[in-house]
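The structure under discussion appears below in the form of structure tokens.
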Amino acid sequence: MTRQQILDLDYLDARSKLIDIAAFLDRVDRAKGEADFRLAALKTALRQLAESTSSDRAAQTLLAFSDPTKEPIAKAPGKGAVGAWAGASDAAN
Amino acid sequence: MRYIEPHAHMVSRTTDDYQAMVMAGCQAVCEPAFWAGFDRGSVEGFRDYFRQLTDYEPKRAAKFGLPHFCWLCINPKEAEDVAFAKDVVALVPEFLECPTVLGIGEIGLNKNSRNELEILEMQVDLAARHDQMILVHTPHLEDKLKGTRLTLDVLKADSRIRPDRVIIDHVEEHTVKMVLDEGFWAGMTLYPESKCTPVRAIDILETYGNERLWINSACDWGVSIPLNVARTGVEMRRRGWSAAAVEKVLFDNPHQFLSQNPRFKLP
Numbered sequence: 086m087t088r089q090q091i092l093d094l095d096y097l098d099a100r101s102k103l104i105d106i107a108a109f110l111d112r113v114d115r116a117k118g119e120a121d122f123r124l125a126a127l128k129t130a131l132r133q134l135a136e137s138t139s140s141d142r143a144a145q146t147l148l149a150f151s152d153p154t155k156e157p158i159a160k161a162p163g164k165g166a167v168g169a170w171a172g173a174s175d176a177a178n
Numbered sequence: 011m012r013y014i015e016p017h018a019h020m021v022s023r024t025t026d027d028y029q030a031m032v033m034a035g036c037q038a039v040c041e042p043a044f045w046a047g048f049d050r051g052s053v054e055g056f057r058d059y060f061r062q063l064t065d066y067e068p069k070r071a072a073k074f075g076l077p078h079f080c081w082l083c084i085n086p087k088e089a090e091d092v093a094f095a096k097d098v099v100a101l102v103p104e105f106l107e108c109p110t111v112l113g114i115g116e117i118g119l120n121k122n123s124r125n126e127l128e129i130l131e132m133q134v135d136l137a138a139r140h141d142q143m144i145l146v147h148t149p150h151l152e153d154k155l156k157g158t159r160l161t162l163d164v165l166k167a168d169s170r171i172r173p174d175r176v177i178i179d180h181v182e183e184h185t186v187k188m189v190l191d192e193g194f195w196a197g198m199t200l201y202p203e204s205k206c207t208p209v210r211a212i213d214i215l216e217t218y219g220n221e222r223l224w225i226n227s228a229c230d231w232g233v234s235i236p237l238n239v240a241r242t243g244v245e246m247r248r249r250g251w252s253a254a255a256v257e258k259v260l261f262d263n264p265h266q267f268l269s270q271n272p273r274f275k276l277p
């Protein structure tokens with residue numbers, strides 16, 4: 086497909102999703118209380134995405150949220166995942 | 011459009027879902043053993059679940075003319091209690107000769123713990139000793155990258171395991187290449203909020219080619235869409251894919267992989 090064809094097919098969908106993210110950030114701003122590491126991870130990923138010129142942006146965005154360590158942990162703390170690696174903010178602090 | 015749903019948790023779905031899948035062109039459905047949303051209270055609870063997967067659910071699917079196959083294991087979410095998990099693993103061979111069992115799955119990791127890893131290694135050994143195919147679950151969200159790497163290490167360390175008889179499921183853009191590069195099959199799961207979406211799955215196919223890849227809905231008791239494989243076929247056509255190219259991914263690929271087990275026969 087040409088770039089023009091892809092824009093014709095998917096531009097409005099991408100635009101809509103971007104505005105959803107902007108509205109989500111506004112909603113978080115309006116709310117009270119402290120945020121956690123997930124918000125920082127999202128903002129970091131957004132910054133990386135805006136600056137990226139590579140054609141593997143989806144992979145790079147997923148990597149931005151991922152646990153990069155290699156050793157298994159001693160014990161599972163629970164069953165769920167939350168979408169961002171808490172250790173990223175620990176490492177930054 | 012013909013398609014195979016190679017990963018769906020139909021025990022959680024309604025008869026309306028069965029009917030819709032058949033109407034959309036589904037030719038067979040395969041159901042890996044998984045977590046019920048809560049931890050089962052006893053090994054006997056798993057025996058009942060395996061009976062449901064090997065006996066009752068194929069009969070329920072047959073009412074809609076849909077062949078139903080399954081994979082058996084203890085899932086990684088219930089692997090933290092190692093002693094309990096070992097008892098469940100010991101139960102699995104009783105069911106391996108059932109006529110619709112395709113192999114061991116979906117095994118893998120969830121939070122990438124040492125206990126989960128021990129049970130993963132035990133189930134890989136079980137598959138090797140019984141010459142079974144393997145279906146691997148990779149972890150969710152932030153845990154997927156690490157879990158995929160650890161899982162590949164386990165599989166590659168066992169010389170009895172043939173990569174072409176193993177599918178590593180729930181790959182995304184950051185894990186698909188490492189799976190394919192090692193010779194394994196890769197599955198893309200189409201979820202509304204996590205894992206992959208139809209448009210991204212097609213991007214991956216357009217980037218990495220259409221060999222050793224399948225797509226599935228993995229529909230279960232959570233937010234999921236039983237018709238997402240068929241919807242992806244529609245999206246492929248919208249993006250200019252030929253009917254034959256769509257069928258290659260939605261039907262031929264899962265058929266090729268699953269047919270390595272002679273039990274996988276379609277009418």
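Taken in order, these protein sequences are the chains called A and B. With positions in the first sequence counted from 1, the corresponding number in this note's numbering is that position plus 85. With positions in the second sequence counted from 1, the corresponding number in this note's numbering is that position plus 10. We put the beta carbon where it would ideally sit given N, CA and C, even for glycine.
Query raised in the report: If the cut is a Cβ gap below 9 Å, which residues of chain A does S123 (chain B) touch?
Result: P157, I158, A159, K160, A161 and P162
Query - Local conformation of P162 (chain A) per DSSP, three classes - result: coil
Query raised in the report: Residues bridged to H78 (chain B) by DSSP?
Result: Looking at the DSSP assignment, H78 (chain B) forms a beta bridge with B:V39.
**Report entry** Residue range of the alpha helix (DSSP H) that includes G157 (chain B)
**Finding:** K154 to A167
**Report entry** Range of the contiguous beta strand (DSSP E) that encloses T199 (chain B)
**Finding:** W195 to T199
Query raised in the report: Going by the CB atoms, is the gap between V134 (chain B) and D283 (chain B) shorter than 8 Å?
Result: In the structure as shown, chain B starts at 11 and stops at 277, and residue 283 (chain B) therefore has no counterpart that could be examined.
Report task. Closer than 7 Å by beta-carbon distance: list the chain B residues that pair up with S139 (chain A), in chain order. Result -> Correct list: empty, because the minimum Cβ distance to chain B is about 12 Å.
Query raised in the report: Quick check: the region 166 to 173 of chain A against the region 35 to 48 of chain B, are there 3 or more CB pairs under 8 Å?
Result: No contact exists between the region 166 to 173 of chain A and the region 35 to 48 of chain B.
Query raised in the report: Which residues bound the beta strand (DSSP E) around T147 (chain B)?
Result: This sequence places His at residue 147 (chain B); Thr is not what is there. Unbroken beta strand (DSSP E) run through H147 (chain B): M143 to H147.
Query - L127 (chain B) versus B:L106, B:P149, B:V189 and B:V181, residue with shortest Cα-Cα distance - result: Nearest C-alpha to L127 (chain B): B:P149.
Query raised in the report: At which residues does the alpha helix (DSSP H) containing E245 (chain B) begin and terminate?
Result: N238 to R248
Query raised in the report: What separation, rounded to the nearest whole angstrom, lies between the Cα atoms of V209 (chain B) and L148 (chain A)?
Result: Near 19 Å, if we compare the C-alpha coordinates of L148 (chain A) and V209 (chain B).
Report task. Count the other C-beta atoms from every protein chain shown that fall within 10 angstroms of the C-beta of M143 (chain B), then say buried if there are 16 or more, exposed otherwise. Result -> buried
Report task. Please list, in chain order, all residues of the same chain as T161 (chain B) whose beta carbon is under 8 Å from its beta carbon, the five residues on each side excluded. Result -> G118, L119, L130, V146, T148 and I178
**Report entry** Extent of the continuous alpha helix (DSSP H) to which Y13 (chain B) belongs
**Finding:** Unbroken run through Y13 (chain B) is the beta strand (DSSP E), Y13 to E15; no alpha helix (DSSP H).
Query raised in the report: Can you list, in chain order, the residues of its chain whose CB lies under 6 Å from that of T217 (chain B), leaving out five sequence neighbours each side?
Result: In the same chain as T217 (chain B), and ignoring 5 residues on each side of it, no C-beta atom comes closer than 6 Å to its own.
Query raised in the report: Taking 8 Å as the CB-CB limit, is D152 (chain A) close to chain B?
Result: For D152 (chain A), the answer is yes, since a Cβ of chain B falls inside 8 Å of its Cβ.
Query - Amino acids of chain A, ordered along the chain, whose beta-carbon sits closer than 8 Å to that of N120 (chain B) - result: Going along chain A in sequence order, the residues near N120 (chain B) (Cβ under 8 Å) are A161 and K164.
Query raised in the report: When the distance is taken between beta carbons, is H184 (chain B) closer than 8 Å to A144 (chain A)?
Result: yes
Requested in this report: Using a Cβ cut-off of 8 Å (strictly closer), state whether A130 (chain A) contacts chain B.
Outcome: Cβ-Cβ to chain B under 8 Å: no for A130 (chain A).
Requested in this report: For V102 (chain B), write down the residues that DSSP places opposite it in a beta bridge.
Outcome: In the DSSP output, where bridge partners are listed per residue, V102 (chain B) has none listed.
Query - G55 (chain B) at chain A interface by Cβ criterion, 8 Å - result: no
Query raised in the report: What is the C-beta distance between W224 (chain B) and P16 (chain B), in whole angstroms, given that I count them as a contact (C-beta under 8 Å)?
Result: 5 Å
Query raised in the report: Taking a cut of 8 Å between CB atoms, which residues from the region 147 to 171 of chain B lie near chain A?
Result: For the region 147 to 171 of chain B, the residues whose beta carbon sits under 8 Å from a beta carbon of chain A are, in order, P149, H150, L151, E152, D153, K154, L155, K156, R159 and L160.
Query raised in the report: Quick one: is P86 (chain B) buried, meaning 16 or more other Cβ sit within 10 Å of its Cβ, or exposed?
Result: Buried, since its Cβ has 16 or more Cβ neighbours within 10 Å.
Requested in this report: Might you give, ordered along the chain, the residues of its own chain that have their beta carbon closer than 8 Å to the beta carbon of A273 (chain B), omitting 5 neighbours on each side?
Outcome: Note that residue 273 (chain B) corresponds to Arg in the displayed sequence, not to Ala. Answer for R273 (chain B): F79, P109, T110, V111 and L112, listed in chain order.
Query raised in the report: Which chain A residues are close to R210 (chain B), counting only those with a beta carbon under 8 Å from its beta carbon?
Result: A143
Query raised in the report: Does K87 (chain B) come within less than 8 Å of chain A when only Cβ atoms are used?
Result: K87 (chain B) counts as touching chain A.
Query - DSSP beta-bridge partners of V111 (chain B) - result: Secondary-structure assignment with DSSP links V111 (chain B) through a beta bridge to B:C80.
Query raised in the report: Do we get a CB-CB distance below 8 Å when we pair R249 (chain B) with the residues of chain A?
Result: Interface residue, yes.
Query raised in the report: Should A125 (chain A) be flagged as near chain B, meaning a C-beta pair shorter than 8 Å?
Result: no
**Report entry** Cβ distance (whole Å) where M188 (chain B) is taken to contact T158 (chain B) below 8 Å
**Finding:** 7 Å
Requested in this report: Return the Cβ separation of A18 (chain B) and A228 (chain B) in integer angstroms, given the expectation that the two are a contact with Cβ distance under 8 Å.
Outcome: 7 Å
Query raised in the report: Do you know whose CA, among B:D174, B:A211, B:K166 and B:P103, lies nearest R139 (chain B)'s CA?
Result: B:P103
Requested in this report: Leaving aside the five residues before and after G47 (chain B) along the sequence, list all residues of the same chain whose C-beta is less than 6 Å from its C-beta, in chain order.
Outcome: W231
Report task. Taking all protein chains shown into account, decide if M86 (chain A) is buried (16 or more other Cβ within 10 angstroms of its Cβ) or exposed. Result -> exposed
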